[in-house]
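Below: one structure, written as structure tokens.
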Amino acid sequence: MTGSAPGAAAPSPPESPPRRDLLTLVTASTIAVGAGALCWPFLESLVPADSNVANVPIDVDLSTLAVGQQVTVLWRSNPIFITRRSPQALEKLKTPELRTRLRDPDSKTLQQPPYAVNWHRSLSPEYGVLVGVCTHLGCVPAYASGATDPTRRGYACPCHGSKFDLAGRVFTGVPAPYNLPVPPHRMLSPNRLRIGENPPGVTFDFSDIVQI
Numbered sequence: 004m005t006g007s008a009p010g011a012a013a014p015s016p017p018e019s020p021p022r023r024d025l026l027t028l029v030t031a032s033t034i035a036v037g038a039g040a041l042c043w044p045f046l047e048s049l050v051p052a053d054s055n056v057a058n059v060p061i062d063v064d065l066s067t068l069a070v071g072q073q074v075t076v077l078w079r080s081n082p083i084f085i086t087r088r089s090p091q092a093l094e095k096l097k098t099p100e101l102r103t104r105l106r107d108p109d110s111k112t113l114q115q116p117p118y119a120v121n122w123h124r125s126l127s128p129e130y131g132v133l134v135g136v137c138t139h140l141g142c143v144p145a146y147a148s149g150a151t152d153p154t155r156r157g158y159a160c161p162c163h164g165s166k167f168d169l170a171g172r173v174f175t176g177v178p179a180p181y182n183l184p185v186p187p188h189r190m191l192s193p194n195r196l197r198i199g200e201n202p203p204g205v206t207f208d209f210s211d212i213v214q215i
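According to my numbering, the stretch in the sequence shown is residues 4 to 215, in order.
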């Protein structure tokens with residue numbers, strides 16, 4: 004029978020982390036959790052109370068927009084195309100030859116306010132105001148001013164080939180089913196446009212359109 008030698012020390016149990024280190028770890032974790040709890044209300048306070056600020060109207064200065072040019076602004080997180088159309092481009096919009104190539108030349112589908120149910124689909128014929136989102140799958144169409152080829156004035160979707168004229172009317176034989184939407188807008192002056200607001204006396208809710 005074997006045994007421990009007289010006076011030999013008993014074996015030590017497996018070494019464990021010192022109590023002081025354990026307390027330090029617990030304290031640090033508690034501080035981190037507490038700091039996170041304090042920071043969360045602070046971070047939330049940085050978010051605007053009205054997070055839907057994109058719904059407010061925006062004003063656009065048109066005084067520097069040359070004939071044939073287009074400027075793009077954001078309204079309700081959507082690109083808005085504002086184009087100054089030439090007299091020649093406006094005449095093209097009225098031709099019977101063009102109308103026969105359009106799916107909805109008279110804007111019968113609700114894709115615009117009532118004051119844009121016309122051949123130029125806007126308040127002022129000179130200025131086109133369109134939501135630049137293809138009604139097929141939501142790509143942003145490219146603008147063709149027609150500077151080198153007047154027959155190509157309008158918009159072409161780079162994703163699947165849908166085409167629209169300078170009034171945002173969709174051509175036949177393309178994937179897009181509807182004309183480009185027209186946002187609420189009004190002219191504050193001959194050179195100042197407000198997007199997101201109807202003219203006085205007109206009620207139109209943009210959310211009522213068929214598709215965006």
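Just so you know, even glycine gets a beta-carbon here, dropped at the ideal spot from N, CA and C. The model shown is predicted, which means the values in this text are computed figures rather than measured ones.
### Query
Is the CB-CB distance between Q72 and V185 below 8 Å?
In the sequence shown, the residue the question calls residue 72 occupies position 69. In the sequence shown, the residue the question calls residue 185 occupies position 182. No, the pair does not count as a contact, with Cβ atoms beyond the cut-off.
### Query
Would L191 be called buried (16 or more neighbouring beta carbons within 10 Å of its own) or exposed?
By one-based count along the sequence shown, residue 191 stands at place 188. The residue in question, L191, is exposed, as its Cβ has fewer than 16 Cβ neighbours within 10 Å.
### Query
Counting along the chain, where does the alpha helix (DSSP H) carrying L65 start and finish?
Translated into the one-based positions of the sequence shown, residue 65 becomes position 62. It is not in any alpha helix (DSSP H) - L65 carries neither H nor E in the DSSP assignment.
### Query
What residue from N194, D62, G135 and R189 has the CA that sits closest to K166's CA?
Taking the sequence shown and counting its residues from 1, one reaches residue 166 at position 163. Selected option, being the one with the closest Cα: G135.
### Spatial neighbours of L113 in its chain, beta-carbon cut-off 6 Å, leaving aside the 5 residues before and after
Start at 1 with the first residue of the sequence shown, and residue 113 comes out as number 110. Taken in chain order, the residues that qualify are I212 and V213.
### Task
Please look up how many angstroms separate the CB atoms of I85 and V63, rounded, as I've assumed it's under 8 Å.
Here residue 85 corresponds to residue number 82 of the sequence shown, with the count starting at 1. Here residue 63 corresponds to residue number 60 of the sequence shown, with the count starting at 1. Correct: roughly 6 Å between the Cβ atoms.
### Query
Where in the stretch 104–146 do unbroken runs of the beta strand (DSSP E), each at least 3 residues long, occur, reported from the N-terminal end onward?
130–134
### Query
Does DSSP classify P161 as helix, strand or coil?
Counted from its first residue, the sequence shown places residue 161 at position 158. DSSP places P161 in coil when its eight states are reduced to three.
### Task
Could you name the residues of the same chain whose beta carbon sits closer than 8 Å to that of V59, not counting the 5 residues immediately before and after it, in chain order?
Here residue 59 corresponds to residue number 56 of the sequence shown, with the count starting at 1. Once the five neighbours on either side are set aside, the close Cβ partners of V59 are G199.
### Task
Pick helix, strand or coil for N81, following the three-state DSSP scheme.
The residue you call residue 81 lines up with position 78 of the sequence shown. Residue state, collapsed to three classes: strand.
### Message
For a test of the three-state rule: what should DSSP assign to F209, helix, strand or coil?
### Response
What you label residue 209 is simply residue 206 of the sequence shown in a count that begins at 1. Of the three classes helix, strand and coil, the one that applies to F209 here is helix, per DSSP.
### Query
Terminal residues of the continuous beta strand (DSSP E) containing L196?
Locating residue 196 in the sequence shown gives position 193, counting from the first residue. From DSSP, the beta strand (DSSP E) with L196 extends over R195 to I198.
### Three-state secondary structure (DSSP) of K166
For the purposes of this step, residue 166 is taken as the residue at position 163 of the sequence shown. Reduced to three states, the DSSP call for K166 is strand.
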